[in-house]
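Chains as they are written, first to last, in the UniProt record's numbering: chain A, 1 to 308; chain B, 1 to 350.
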């Protein structure tokens with residue numbers, strides 16, 4: 001559905017996209033993940049043919065993107081990162097206006113607008129001005145304006161920034177529903193837990209480059225840390241040296257009484273650790289094992305933490 | 001959606017904006033009220049013809065009788081002197097084409113100017129049937145005579161260009177490098193031509209509505225006559241509104257400047273043009289005409305002001321088509337420029 005190949009985009013001296021390649025198939029949610037300024041929005045704007053790019057190719061629905069290609073545009077929906085609505089129009093009028101850029105027939109449009117309002121849960125606020133809505137509701141309205149015409153491909157650019165928990169859940173559930181209805185979603189975020197929960201495939205971006213892509217499992221397998229065990233000891237002794245001597249350990253971090261031990265293989269690490277605790281007569285209050293998170297993956301791939 | 005629905009939506013966006021109504025309706029109404037209040041004491045009885053005497057069977061009689069603002073009486077020099085002392089004549093033209101006056105004033109200045117012009121035209125061999133007395137001195141001197149009229153006309157001229165604010169806002173909104181909504185417009189398949197037309201028609205409709213309200217207000221509350229030829233006035237106002245829309249589109253295209261700043265710049269430029277056209281009194285306009293004559297001949301606000309004056313108070317349409325041509329010319333150039341700037345546009349940066 002989307003094929004982006006070796007795209008280079010420069011802003012004078014700054015390279016925003018550096019040989020960026022990316023693909024998305026039908027009916028999947030693909031996450032573009034990376035810190036602020038890594039090139040996610042630039043990549044979307046190039047795909048939307050709003051931004052010129054210096055080199056590379058972009059195809060959507062099998063056709064080269066072009067500002068004149070209205071057939072492609074007709075099948076795409078956009079939810080910009082910033083809230084992009086008319087403050088002078090109420091909820092219904094806003095959605096109807098933007099839906100009207102795609103749908104000519106007024107009856108069809110009315111039906112689609114009603115569905116979009118229901119989809120984002122703003123039925124009680126139909127006649128409300130955006131000024132009367134909370135930040136989360138405005139975000140939902142922003143989304144409704146981009147999805148009302150039922151696009152086959154939807155670009156959602158950081159839709160949950162500065163959103164309350166209730167609206168965030170509503171938005172995430174909505175995105176899943178859209179996928180169930182057959183829409184392909186390109187979802188950019190720098191919230192790792194969101195991406196883990198939502199996306200079928202992930203593309204990790206840093207400095208305009210695609211540094212890794214695949215499913216969460218594939219990404220987890222691609223890094224050296226395969227298991228992370230967190231244990232909380234009651235003993236005062238610094239155990240880092242001793243823990244590092246355990247098989248497969250690649251790193252040990254200590255934060256207060258909590259130790260995070262990273263293992264390069266997923267092989268009897270927990271039994272080995274428990275055996276170590278018993279042999280050293282240590283007291284622990286809790287212990288848990290988990291596969292590497294996206295945060296671990298990002299840290300290992302880029303050498304830096306992904307922060308808000 | 002279709003172009004009519006889009007036009008309606010564009011109107012709705014402005015219709016619900018208090019700022020729009022303040023600047024396009026309340027502010028001109030406030031100015032109109034102030035002008036009416038401040039000029040109510042100095043309003044005269046309107047334009048009065050200048051009584052002039054001339055010797056019997058003079059070759060200029062026929063020519064002078066054609067001048068709209070002159071009331072020509074054939075008489076003798078002695079009778080004329082008596083009539084001038086009784087203020088029934090402002091001047092008398094002798095057999096030798098000399099102007100005889102017993103007083104000095106505006107009427108006498110106008111008569112002298114007319115006589116000089118006739119003499120010059122005779123000397124340059126222009127046949128009498130081609131004589132024209134619509135030169136600027138006439139407008140200026142009449143403006144001196146009724147300064148408040150120029151103020152009202154320049155206020156109306158300013159008001160017709162207020163449509164620029166809608167188009168500045170629109171053009172800024174649809175560009176992704178200037179507005180968050182720009183990405184929505186730019187990535188949609190909706191025709192840019194239709195969008196532009198809908199915006200223009202929407203701005204024109206609301207502009208004419210505000211014009212209608214303000215003009216009705218003036219017609220009701222202003223004591224003198226402002227509009228004697230309604231249809232040509234309405235056509236002039238429509239063209240002025242369209243020209244304002246075109247100018248707004250061009251201002252809206254300026255990159256890297258937000259809509260509020262552009263609107264502010266538009267307002268300042270418009271006020272300067274209106275100031276130069278004589279809104280705070282004809283003195284400024286005369287000063288500009290004297291020292292920078294090109295400025296007011298190119299100043300669309302001054303053009304509309306002058307043309308409103310000429311067609312309504314002088315019944316003079318010689319300059320009318322030229323003004324319409326300039327206004328529509330500005331609009332067409334700006335529309336085409338805007339369309340080319342927006343169509344198939346891809347941005348280097350956002």
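For glycine and all other residues, C-beta sits at the position ideal for the given N, C-alpha and C. Predicted model, so just to flag it, every value in this text is computed and none were measured.
Item to check | Contact belief for residue 199 of chain B with residue 170 of chain B at Cβ below 8 angstroms, rounded distance in angstroms | outcome: About 4 angstroms; that satisfies the 8 angstroms criterion.
Next on the checklist: Beta-carbon within less than 7 angstroms of residue 11 of chain B's beta-carbon, same chain only, minus the 5 sequence neighbours each way: which residues are those?
Outcome noted: When the five nearest sequence neighbours on each side are left out, the beta carbons in the same chain lying within less than 7 angstroms of the beta carbon of residue 11 of chain B are those of 202, 205 and 206, in order along the chain.
Next on the checklist: So, for residue 295 of chain B: in the same chain, excluding its five sequence neighbours on each side, which residues have a beta-carbon less than 6 angstroms away from its beta-carbon?
Outcome noted: So the list reads 288, once near-sequence residues are dropped.
Next on the checklist: Can you tell me which residues form a DSSP beta bridge with residue 155 of chain A?
Outcome noted: Partner residues in the beta bridge of residue 155 of chain A, as assigned by DSSP, are A/78 and A/186.
Checklist entry - Is the Cβ-Cβ distance between residue 285 of chain A and residue 245 of chain A less than 8 angstroms? => result The answer is no: Cβ separation not under 8 angstroms.
Checklist entry - Which residue's Cα is closest to the Cα of residue 84 of chain A: B/177, B/310 and B/58? => result Taking only the C-alpha atoms, the option nearest residue 84 of chain A is B/177.
Checklist entry - Hey, residue 261 of chain A and residue 243 of chain A: beta-carbon distance below 8 angstroms or not? => result Going by beta carbons, residue 261 of chain A and residue 243 of chain A fall inside the 8 angstroms limit.
Item to check | Stretch-stretch touch, CB-based, cutoff 8 angstroms, three pairs: the segment 75-82 of chain A with the segment 149-161 of chain A | outcome: Of all C-beta pairs linking the segment 75-82 of chain A to the segment 149-161 of chain A, three or more are shorter than 8 angstroms, placing the two stretches in contact.
Item to check | Short CB-CB distance (under 8 angstroms) between residue 190 of chain B and chain A | outcome: Yes, residue 190 of chain B lies at the interface with chain A (some Cβ there is under 8 angstroms from its Cβ).
Item to check | Residue(s) in a DSSP beta bridge with residue 260 of chain A | outcome: Per DSSP, A/230 and A/253.
Item to check | Identified DSSP bridge partners for residue 161 of chain B | outcome: Residue 161 of chain B is not bridged by DSSP to any residue.
Checklist entry - For chain B, is any of its Cβ atoms less than 8 angstroms away from the one on residue 296 of chain A? => result No, residue 296 of chain A lies away from the interface with chain B (no Cβ there is under 8 angstroms from its Cβ).
Next on the checklist: Within the continuous beta strand (DSSP E) that includes residue 309 of chain B, where are the two ends?
Outcome noted: From DSSP, residue 309 of chain B is part of no beta strand (DSSP E) but of the alpha helix (DSSP H) over 300-309.
Item to check | 8 angstroms Cβ cut-off: residues of chain B touching residue 102 of chain A | outcome: Simply 188, 189 and 190.
Checklist entry - Looking at residue 148 of chain A and residue 186 of chain A, is the spacing between their C-beta atoms short of 8 angstroms? => result Cβ atoms of residue 186 of chain A and residue 148 of chain A: not closer than 8 angstroms.
Next on the checklist: Please list the terminal residues of the continuous beta strand (DSSP E) segment that includes residue 279 of chain A.
Outcome noted: Judged by DSSP secondary structure, residue 279 of chain A falls outside any beta strand (DSSP E) and instead within the alpha helix (DSSP H) spanning 269-279.
Checklist entry - Mind checking residue 288 of chain A: buried by the 16 CB within 10 Å criterion, or exposed? => result Exposed, by the Cβ-count rule.
Next on the checklist: Tell me the rounded alpha-carbon separation between residue 8 of chain A and residue 216 of chain A.
Outcome noted: Distance between the alpha carbons of residue 8 of chain A and residue 216 of chain A is about 26 angstroms.
Next on the checklist: List, in chain order, every chain A residue whose beta-carbon is nearer than 8 angstroms to that of residue 5 of chain B.
Outcome noted: At a C-beta separation below 8 angstroms, residue 5 of chain B has these neighbours in chain A: 100 and 106.
Checklist entry - Which chain A residues are close to residue 176 of chain B, counting only those with a beta carbon under 7 angstroms from its beta carbon? => result In chain order: 50.
Next on the checklist: Can you give me the C-alpha to C-alpha distance between residue 330 of chain B and residue 237 of chain B, rounded to a whole angstrom?
Outcome noted: So the two alpha carbons sit approximately 14 angstroms from each other.
Item to check | Distance CB(residue 58 of chain B)-CB(residue 110 of chain B) smaller than 8 angstroms | outcome: The beta carbons of residue 58 of chain B and residue 110 of chain B sit no closer together than 8 angstroms.
Checklist entry - Can you tell me where the beta strand (DSSP E) with residue 286 of chain A in it begins and where it stops? => result 284-290 is the span of the beta strand (DSSP E), which, as asked, contains residue 286 of chain A.
Checklist entry - Can you name, in chain order, every residue of its own chain whose Cβ lies under 7 angstroms from the Cβ of residue 183 of chain B, other than the five neighbours on each side? => result Cβ neighbours of residue 183 of chain B within its own chain (closer than 7 angstroms, five residues either side excluded): 176.
Checklist entry - Interface residues of chain A around residue 49 of chain B at Cβ under 7 angstroms? => result Within chain A, not a single residue places a beta-carbon under 7 angstroms from that of residue 49 of chain B; the smallest gap is close to 52 angstroms.
Next on the checklist: Please report whether the beta-carbon of residue 74 of chain A lies at a distance below 8 angstroms from any beta-carbon of chain B.
Outcome noted: Interface with chain B (8 angstroms Cβ-Cβ cutoff): residue 74 of chain A is included.
Checklist entry - What first and last residue would you give for the alpha helix (DSSP H) that runs through residue 85 of chain B? => result Start and end: 77-85.
Next on the checklist: Quick check: does the Cβ of residue 185 of chain B come within less than 7 angstroms of any heavy atom belonging to the ligand MG?
Outcome noted: The ligand MG is absent from the structure shown, which contains no ligands of any kind.
Checklist entry - Using a beta-carbon distance below 8 angstroms, is residue 347 of chain B in contact with chain A? => result Yes - at least one Cβ of chain A is within 8 angstroms of the one on residue 347 of chain B.
Next on the checklist: On the CB-based measure, 16 or more other CB atoms within 10 Å of its CB, does residue 302 of chain A come out buried or exposed?
Outcome noted: Burial call: buried.
Next on the checklist: Using the Cβ count rule (16 or more neighbours within 10 Å means buried), how would you classify residue 190 of chain A?
Outcome noted: Residue 190 of chain A is buried by the Cβ-count criterion.
Checklist entry - For chain A, is any of its Cβ atoms less than 8 angstroms away from the one on residue 200 of chain B? => result For residue 200 of chain B, the answer is no, since every Cβ of chain A falls outside 8 angstroms of its Cβ.
Checklist entry - So what's residue 135 of chain B in DSSP terms, helix, strand or just coil? => result Confidence at residue 135 of chain B is low in this model, with a pLDDT of 46, below 50, so the placement of that residue is unreliable and no value is reported for it.
Checklist entry - Count the other CB atoms within 10 Å of the CB of residue 174 of chain B; is the residue buried (16 or more) or exposed (fewer)? => result Around the Cβ of residue 174 of chain B, a 10 Å sphere holds 16 or more other Cβ atoms; the residue is buried.
Item to check | Neighbour flag for residue 184 of chain B against chain A, beta carbons, 8 angstroms | outcome: Yes, its Cβ sits closer than 8 angstroms to a Cβ of chain A.
Next on the checklist: Taking DSSP's pairing of strands, which residues face residue 59 of chain A in a bridge?
Outcome noted: When beta bridges are read from the DSSP output, residue 59 of chain A appears opposite A/3 and A/64.
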